[in-house]
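Enquirer: Sharing a structure below in structure tokens format, with a few things to ask.
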Amino acid sequence: MSKAVLFFADGTEECEALLVADLLRRARVEVIIASAMGRRALVSSHGIHLNADALAEDVDYSDVDMVILPGGIPGTPNLAENKTVTDTCVSFARAGRKVAAICAAPSVLASLGLLEGRNATAHAGFQDKLAGAIVHDEEVVVDGNITTSYGLGGAIPFALELVRQLAGPAEADRIQKAIAYRH
Numbered sequence: 105m106s107k108a109v110l111f112f113a114d115g116t117e118e119c120e121a122l123l124v125a126d127l128l129r130r131a132r133v134e135v136i137i138a139s140a141m142g143r144r145a146l147v148s149s150h151g152i153h154l155n156a157d158a159l160a161e162d163v164d165y166s167d168v169d170m171v172i173l174p175g176g177i178p179g180t181p182n183l184a185e186n187k188t189v190t191d192t193c194v195s196f197a198r199a200g201r202k203v204a205a206i207c208a209a210p211s212v213l214a215s216l217g218l219l220e221g222r223n224a225t226a227h228a229g230f231q232d233k234l235a236g237a238i239v240h241d242e243e244v245v246v247d248g249n250i251t252t253s254y255g256l257g258g259a260i261p262f263a264l265e266l267v268r269q270l271a272g273p274a275e276a277d278r279i280q281k282a283i284a285y286r287h
């Protein structure tokens, strides 16, 4: 079974985050929702109260296959301020392990130098913050071990791509049919 860590912070865009968690769990990927706030109780960008499974600092990343950053404001800056989140993204990317980010969150990867010379996307309001990246205005962009998406409108294709990477194309197709996603 594959394993992913989905980072949450106060101000995380809940639909981007929870949709990814939901589709990965439907595919039987173990998903740990890890708080970047030093506490498990969080409030999303639209005032929804959420509880994380663990604190980002307490997760053992040794057997994790992918780390994921959802977007949202102020969720994205809150993720960027957490040293465990940023150090983990850097170590995963440099080791060729999978890193994914959606909406504003690819800007965090860019600020860490992880998108230099890579194909990537982000929310239109953050594409200018993808320093060094080759920016595409597409739903999902995969460049090696880095996957990015442009926002909530691309959350289903983004989540299905992560399922494809962690559970295989047949499982992604099964989930796509199960949720009646016809695009």
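As numbered in my numbering, the sequence shown has no gaps in its residue numbers, which increase by one up to the final residue, 287.
Glycine included, every Cβ here is placed at the ideal spot set by N, Cα and C.
Pick from R278, K187, G179, L173: whose alpha carbon is nearest that of T251?
Expert: Among R278, K187, G179, L173, the Cα nearest to that of T251 is on L173.
Enquirer: Look up S139 in the DSSP assignment and give the residues it is bridged to.
Expert: Note: S139 sits in a beta bridge opposite F112, L159.
Enquirer: Between the alpha carbons of H240 and R143, how many angstroms are there, rounded?
Expert: Whole-angstrom Cα-Cα distance: 36 Å.
Enquirer: Spatial neighbours of I137 within its chain, please: CB distance less than 7 Å, with the 5 preceding and 5 following residues excluded, ordered by chain position.
Expert: Excluding positions up to five away in sequence, the list reads L110, F112, A125, A156, D157.
Enquirer: CA-CA distance, V203 and A197?
Expert: Each residue's alpha carbon lies about 6 Å from the other.
Enquirer: Less than 8 Å between the beta carbons of P210 and A199, yes or no?
Expert: For P210 and A199, no; Cβs fall outside 8 Å.
Enquirer: Expressed to the nearest angstrom, what Euclidean distance is found between the alpha-carbon atoms of A263 and V194?
Expert: Using only the alpha carbons, I get a separation of about 22 Å.
Enquirer: Rounded to the nearest angstrom, how far is the Cβ of E161 from that of T188, given a contact under 8 Å?
Expert: That pair is a contact at about 5 Å.
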